[in-house]
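Trainee: Just dropping this structure here.
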Amino acid sequence: MICALWIAVGLRLLCPFRIETPFGLLPKQTALFLQQAYEYDEDLPSEGAKKPKETKVWEAGEINAVSEGNNRVSEPKAATVLVTAAAWIWFAGMIFLYTHLLFHWHRIKKRVQEAVPAESQGIRFYQCDRILSPFLFGLAAPKIYVPFSVAGQELFYVLKHEAAHKRRCDHLTKPAGYALLAVYWFQPLVWAAYLLFCRDMELACDERVVKEIGEGCKKEYSQALLSCCTSHLPITACPTAFGEIGVKKRVKNILNYKKPGIIMIAAAAIVCVVITACFTTEAKNSSPGEQAQAKDTATHKGIEKSVTAWAKAFCDREGEVIYHMLEIH
Amino acid sequence: METPKIFESEYRFCEIVWEHEPVSSGELVKLCLEQLEWKKSTTYTVIRRLTERGVLKSEHAVVTSLVSREEVQSSESAQVVDRTFSGSLPRFIAAFTRRKPLTPQEADEIQKIIDAYKG
Numbered sequence: 001m002i003c004a005l006w007i008a009v010g011l012r013l014l015c016p017f018r019i020e021t022p023f024g025l026l027p028k029q030t031a032l033f034l035q036q037a038y039e040y041d042e043d044l045p046s047e048g049a050k051k052p053k054e055t056k057v058w059e060a061g062e063i064n065a066v067s068e069g070n071n072r073v074s075e076p077k078a079a080t081v082l083v084t085a086a087a088w089i090w091f092a093g094m095i096f097l098y099t100h101l102l103f104h105w106h107r108i109k110k111r112v113q114e115a116v117p118a119e120s121q122g123i124r125f126y127q128c129d130r131i132l133s134p135f136l137f138g139l140a141a142p143k144i145y146v147p148f149s150v151a152g153q154e155l156f157y158v159l160k161h162e163a164a165h166k167r168r169c170d171h172l173t174k175p176a177g178y179a180l181l182a183v184y185w186f187q188p189l190v191w192a193a194y195l196l197f198c199r200d201m202e203l204a205c206d207e208r209v210v211k212e213i214g215e216g217c218k219k220e221y222s223q224a225l226l227s228c229c230t231s232h233l234p235i236t237a238c239p240t241a242f243g244e245i246g247v248k249k250r251v252k253n254i255l256n257y258k259k260p261g262i263i264m265i266a267a268a269a270i271v272c273v274v275i276t277a278c279f280t281t282e283a284k285n286s287s288p289g290e291q292a293q294a295k296d297t298a299t300h301k302g303i304e305k306s307v308t309a310w311a312k313a314f315c316d317r318e319g320e321v322i323y324h325m326l327e328i329h
Numbered sequence: 001m002e003t004p005k006i007f008e009s010e011y012r013f014c015e016i017v018w019e020h021e022p023v024s025s026g027e028l029v030k031l032c033l034e035q036l037e038w039k040k041s042t043t044y045t046v047i048r049r050l051t052e053r054g055v056l057k058s059e060h061a062v063v064t065s066l067v068s069r070e071e072v073q074s075s076e077s078a079q080v081v082d083r084t085f086s087g088s089l090p091r092f093i094a095a096f097t098r099r100k101p102l103t104p105q106e107a108d109e110i111q112k113i114i115d116a117y118k119g
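Top to bottom, those sequences are chains E and X.
With the working numbering, you'll find the first sequence wraps up at 329, consecutive numbering, no jumps.
With the working numbering, you'll find the second sequence wraps up at 119, consecutive numbering, no jumps.
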């Protein structure tokens, strides 16, 4: 169920639109780019000035484009340069992470191409020389790969664990999570979310195995886990490896596992639904009175900004800018 | 000459060669696809690698082995004894018989091997 909560997080990161509900706990997002908006109030005295028919929203780049067209070399605003540079850095980071994924994927594909098929307890798997630990690999038709050195009781537990991953479609959700991480790489919380998601995925599979084999075999299963412990880097999109994440935490979880009762499961499900609804939707708009007040403040600020822009254009003799500002009438 | 090292998946491939040799590479590709689910390119890569290592011979697209199954098995067994029992065969046999006692036939066979070695 915890993994279902992580999927909700993933969907929230993925969706560009926002859903508003009365119980939403997410704050309203505000645009961060520079803008100048102006509209005339009917009551303000304005000699000879006509009322605009529409509100023109100016972005920082537009004023520069107009003044550059006037054959004057005006310096680009620092903010625009920063935003452009940041965008390029983000893009480079994303490309790097996707390249890393493709490289890693290709390397594993090469390593497992000489795997030989085998079968045990009705589970089909492949034995391989050049891998360090067992894992599930592949998107459309995932296969379980196990090193030749894993045999006997250890093999039994490994196969159960990897089969649980396959049933839960972890071979799809893990790369999907990494793909989202590559887009939001600048956000440290997203990295934390991905690591915790991978850990929760392993814990969930461990619980499934213990449920299947019975609580009497917990010790042997923990032993198998320790034998297959690897020292891989934890940030991998694929594959879902047996001894990868937080072995200590997993062993503790297995040994303390107790099958939950039906009431506990129902309560947990309700809590998950409530948390998902509250934390993936935004709070609805505030009352009309508050909205009007906010609009008034924005109008006055807009007027102040447009007056400042006009004065600057006048002093700098930027005819094009003044012409465009008048064009709206 | 020391027997070249063969990895486990290569050993499975060699078993197919030992069973069907001399075998054309096309036929070998088909057999590997059936028994090992290997792609054509994988089979050719392994043939090339084992040829370079001196395990197989590939002439005019016909593959034969240069090392027999018995040689590989004895080399691997010697490695196990070296690694686990510091090269002591009596200790190896003692450990083996602790788990499973020798049958009278097996004891006779071993006796014959020792006599042939001494004589």
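C-beta: ideal position from N, C-alpha, C; glycine also.
Given the structure is predicted, the values throughout are model-derived calculations rather than measurements.
1. Per DSSP, I213/E forms a beta bridge with which residues?
2. Taking just the CA atoms, how far does I47/X sit from S58/X?
3. From the DSSP output, in three-state form, read off I131/E for me.
4. Just to confirm, is the Cβ distance from K218/E to V210/E under 8 Å?
5. What separation, rounded to the nearest whole angstrom, lies between the Cα atoms of I113/X and E10/X?
6. If the cut is a Cβ gap below 8 Å, which residues of chain X does P117/E touch?
7. Would you list the one or two residues that DSSP bridges to R124/E?
8. Residues bridged to E59/X by DSSP?
9. Have a look at D129/E, F156/E, M94/E, E318/E and flag the residue whose alpha-carbon is nearest the alpha-carbon of E212/E.
10. Using a beta-carbon distance below 8 Å, is L32/E in contact with chain X?
11. Residues in the segment 147 to 176 of chain E with C-beta within 8 Å of chain X's C-beta atoms, listed in sequence order?
12. Less than 8 Å between the C-beta atoms of L189/E and R250/E, yes or no?
13. Take the Cβ of T43/X as the centre, count every other Cβ of all protein chains shown within 10 Å, and call the residue buried at 16 or more, exposed below.
14. So, at 8 Å on beta carbons, what are the nonlocal neighbours of G26/X in its own chain, with the 5 sequence-adjacent residues on each side left out?
15. Compare the C-beta of E15/X with all C-beta atoms of chain E and state if any pair is closer than 8 Å.
16. Pull up the distance between the alpha-carbon of A116/X and that of H104/E, whole angstroms please.
17. Straight-line CA distance for S354/E to K118/X?
18. When you compare the segment 147 to 154 of chain E with the segment 167 to 184 of chain E, are there three or more beta-carbon pairs, one atom per stretch, that lie closer than 8 Å?
19. Does the separation of the CB atoms of K166/E and P142/E fall below 8 Å?
20. Is there at least one Cβ from chain E nearer than 8 Å to V46/X's Cβ?
21. What is the DSSP secondary structure of F7/X, counted as helix, strand or coil?
22. Please list the partners that S9/X has in chain E, where partner means a Cβ-to-Cβ separation under 9 Å.
23. What residue range does the alpha helix (DSSP H) around Y184/E cover?
24. Mark P134/E as exposed unless 16 or more other C-beta atoms lie within 10 angstroms of its C-beta, in which case mark it buried.
25. How would you call T20/X, buried or exposed, if buried means at least 16 neighbouring beta carbons within 10 angstroms?
26. Would you kindly report the start and end of the unbroken alpha helix (DSSP H) that includes K160/E?
27. According to DSSP, I144/E sits in a beta bridge with which residue or residues?
28. Apply the 10 Å Cβ neighbour rule to L28/X and answer buried if 16 or more other Cβ atoms are within range, or exposed otherwise.
29. Taking CB distances under 8 Å as the criterion, tell me whether T3/X reaches chain E.
30. For the candidate residues I303/E, A193/E, E162/E, whose alpha-carbon lies nearest to that of L11/E?
31. For L181/E, count neighbouring C-beta atoms within 10 Å of its own C-beta (all shown protein chains included) and say buried if the count is 16 or more, exposed if not.
32. By the three-class DSSP mapping on this structure, what secondary structure does V23/X have?
33. Considering only the beta carbon of each residue, do D129/E and F7/X sit closer than 8 Å?
34. I'd like to know if R53/X contacts chain E, where contact means its C-beta is closer than 8 Å to some C-beta of that chain.
35. Would the beta-carbon of V120/X fall within 8 Å of that of V23/X?
Mentor: Concretely, from the data shown:
1. In DSSP, I213/E forms no bridge with anything.
2. 8 Å
3. coil
4. yes
5. 30 Å
6. L36, E37
7. E119/E
8. V62/X
9. F156/E
10. At L32/E the pLDDT is 46, less than 50, meaning the model places this residue with poor confidence and gives no usable figure here.
11. F148
12. no
13. buried
14. A61
15. no
16. 55 Å
17. The structure shown does not extend to residue 354/E, since chain E spans only 1 to 329, so no value can be given for it.
18. no
19. yes
20. yes
21. coil
22. E114, A115, V116, Q127, C128, D129, R130, F148
23. Neither: Y184/E is in no alpha helix (DSSP H) and is coded neither H nor E.
24. buried
25. Note that residue 20/X is His in the sequence shown, not Thr. H20/X comes out exposed.
26. 152 to 167
27. L136/E
28. buried
29. no
30. A193/E
31. buried
32. strand
33. yes
34. no
35. Coverage of chain X is limited to positions 1 through 119, which leaves residue 120/X absent and any answer about it impossible.
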